[in-house]
Amino acid sequence: MLAAAGGLSALLGQGSARAGGLVAERAFPPAGACYGRRYDAAHLARHPGQVVTGLHLGGSSRDLIRLRAEAGRVDPELTLRLRIDFADGTSSEGEVGCLEERGRIRRCGRNASCAGDFALEALPGGRLAVVNDDAASRMPTTANARAGFSPDAGCPPGGRAGRFVPPDAQNRVFHLERLPLAACAPGPSR
Numbered sequence: 001m002l003a004a005a006g007g008l009s010a011l012l013g014q015g016s017a018r019a020g021g022l023v024a025e026r027a028f029p030p031a032g033a034c035y036g037r038r039y040d041a042a043h044l045a046r047h048p049g050q051v052v053t054g055l056h057l058g059g060s061s062r063d064l065i066r067l068r069a070e071a072g073r074v075d076p077e078l079t080l081r082l083r084i085d086f087a088d089g090t091s092s093e094g095e096v097g098c099l100e101e102r103g104r105i106r107r108c109g110r111n112a113s114c115a116g117d118f119a120l121e122a123l124p125g126g127r128l129a130v131v132n133d134d135a136a137s138r139m140p141t142t143a144n145a146r147a148g149f150s151p152d153a154g155c156p157p158g159g160r161a162g163r164f165v166p167p168d169a170q171n172r173v174f175h176l177e178r179l180p181l182a183a184c185a186p187g188p189s190r
């Protein structure tokens, strides 16, 4: 799913401060996990350019564990569900793939290079950070015409335009707390 993952690793470099990633089974155990955050009015007033009012990321490493045995030399993916609530009252939801490289998850994105991607980091206290670093749109081999990332965009021809989170200062890093699994259930925002 994650387009041009090898090139993204090269772009970020071995010494990148964001190269740590996470271990899938710790962050998303086989029983499943959900992370999210809803931004209150006070936060949004302090960050008037922020387009995201809520973000939820959930899934399980169960399939990834099974795929490892079958993958051989190919790096398997962790499949997660991403839901974003936007300031205009709309929401966008879709599946993202997170390529496992050398036992670590570092980047997630849709199976469409035009949908962008994001870095994923483990934080102290069992939290996660979604980092909108816009690496995909800077790749010379990608078809990504828009900056940022989208949980529901598809590539032309026939692909859905999707909603994008722009990679500006107000929409760059999202710190997510661990939540009950039900908070990441597909459907309207919780």
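Each residue of the sequence shown is one higher than the one before, starting from 1 at the first, in our numbering. All residues carry an ideal CB built from backbone N, CA and C; glycine is no exception. Since the structure is predicted, the reported quantities are computational estimates derived from the model, not experimental observations.
query	result
CB contact flag (Pro167, Ala183, <8 Å)	no
Nearest neighbour of Val173, chosen from Ala31, Ala27, Gly36 [CA to CA]	Gly36
Top-ranked residue by Cα proximity to Ala122, from Arg178, Leu55, Ala153	Arg178
Cα-Cα separation, Arg66 to Ala31	14 Å
Cβ neighbour criterion (16 or more within 10 Å) applied to His56	buried
Among Ser60, Asp85, Leu22, the one whose alpha carbon lies nearest that of Asp40	Asp85
Chain C contact for Ala119 (CB, 8 Å cutoff)	Of the chains in the structure shown, none is chain C; there is only one protein chain.
Nearest to Leu176 (by Cα), restricted to the options Arg110, Asp134, Leu82	Leu82
DSSP-derived helix/strand/coil call for Arg110	coil
Cβ-Cβ separation, Phe149 to Gly97 (assumed contact under 8 Å), whole Å	Rounded, the Cβ-Cβ distance is 13 Å, inconsistent with contact.
Given Ala169 as reference, the closest of Ala161, Pro186, Ala153, Asp134 once Cα atoms are compared	Asp134
Any beta strand (DSSP E) of 3 or more consecutive residues that is wholly inside the region 26-94	33-38, 52-59, 77-86
C-alpha gap between Ala3 and Val52, whole angstroms	A caution first: Ala3 carries a pLDDT of 38, below 50, which makes its placement in the model unreliable, though a value can still be read off. Cα to Cα, the separation comes out at about 24 Å.
Neighbour-count burial assignment, Pro180, 16 or more Cβ in a 10 Å radius	exposed
Enclosing beta strand (DSSP E) for Met128 [first to last residue]	According to the sequence displayed, residue 128 carries Leu and not Met. From DSSP, the beta strand (DSSP E) with Leu128 extends over 127-131.
Own chain partners of Ala10 with C-beta closer than 7 Å, once the 5 adjacent residues on each side are dropped	Any answer about Ala10 is weak, because its pLDDT of 31 lies below 50 and its placement is not dependable; what the coordinates show is given next. Excluding positions up to five away in sequence, the list is empty.
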